[in-house]
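First residue of the sequence shown? That's 837 in the numbering used here, and the numbers climb one at a time after it.
For every residue, glycine included, the Cβ atom is placed at its ideal position computed from N, Cα and C.
All figures in this text were calculated on a predicted structure; none of them were measured in a lab.
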Amino acid sequence: MAYVVAATWRAKPGKEKEIEEVIRTMVPLSRAEPGNLAFTAHRAVDDPALFFLYEQFVDAAAFQAHTETPHFEKYVRGQALPNLESRERTFFETLD
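1) Find out if the Cβ-Cβ distance for the pair Thr926, Ala842 is shorter than 7 Å.
2) What's the gap between the Cα of Glu929 and the Cα of Ala896?
3) Tell me which residues share the same chain as Tyr911 and place their Cβ nearer than 6 Å to its Cβ, disregarding the 5 neighbours each side in the sequence.
4) Per DSSP, what kind of secondary structure is Glu924 in: helix, strand or coil?
5) Suppose you measure from the CA of Asn872 to the CA of His878; what does that come to, to the nearest Å?
6) Using the C-alpha atoms, what's the distance from Arg923 back to Pro884?
7) Where does Phe905 fall in DSSP's three states?
8) Can you tell which of Gln915, Arg867 and Asp932 has the C-alpha that lies nearest to the C-alpha of Lys848?
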């Protein structure tokens, strides 16, 4: 089983580029974390302010460790969150 996070981020008007840059920075950093199994970022075709992140970790503890990394603190908490209009996260466990 794996611990999955499906996150939807909506950038504030005019902040789409900043959010894209944060995501592009976070992808390789997150993928390099020991408990990360997958980290894929998407942008809506018809809405440049809407981003979807699919994250997969070995377990909930690995996800928690991800949220405590210096890069998460700097880029997500420090740069992304202040520039988001909304942020929704849903947590799943794989069935196989």
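Answer, in terms of the structure:
1) Stepping through the sequence shown from its first residue, residue 926 is reached at position 90. Stepping through the sequence shown from its first residue, residue 842 is reached at position 6. Pairing Thr926 with Ala842 gives a Cβ-Cβ distance under 7 Å.
2) Mapped onto the sequence shown, residue 929 falls at position 93. Mapped onto the sequence shown, residue 896 falls at position 60. If you take the alpha carbons of Glu929 and Ala896, they lie about 9 Å apart.
3) Against the sequence shown, residue 911 aligns to sequence position 75. Once the five neighbours on either side are set aside, the close Cβ partners of Tyr911 are Val858, Thr861 and Met862.
4) Mapped onto the sequence shown, residue 924 falls at position 88. Glu924: strand per DSSP, three-state reduction.
5) By one-based count along the sequence shown, residue 872 stands at place 36. By one-based count along the sequence shown, residue 878 stands at place 42. Cα-Cα distance, rounded: 18 Å.
6) In the sequence shown, residue 884 corresponds to position 48, counting from 1. In the sequence shown, residue 923 corresponds to position 87, counting from 1. Going from the Cα of Pro884 to the Cα of Arg923 covers about 15 Å.
7) Counting from one through the sequence shown, the residue named residue 905 turns up at place 69. For the sequence presented, residue 905 should be read as Thr rather than Phe. DSSP places Thr905 in coil when its eight states are reduced to three.
8) As a position in the sequence shown, residue 848 is number 12, starting the count at 1. Taking only the C-alpha atoms, the option nearest Lys848 is Gln915.
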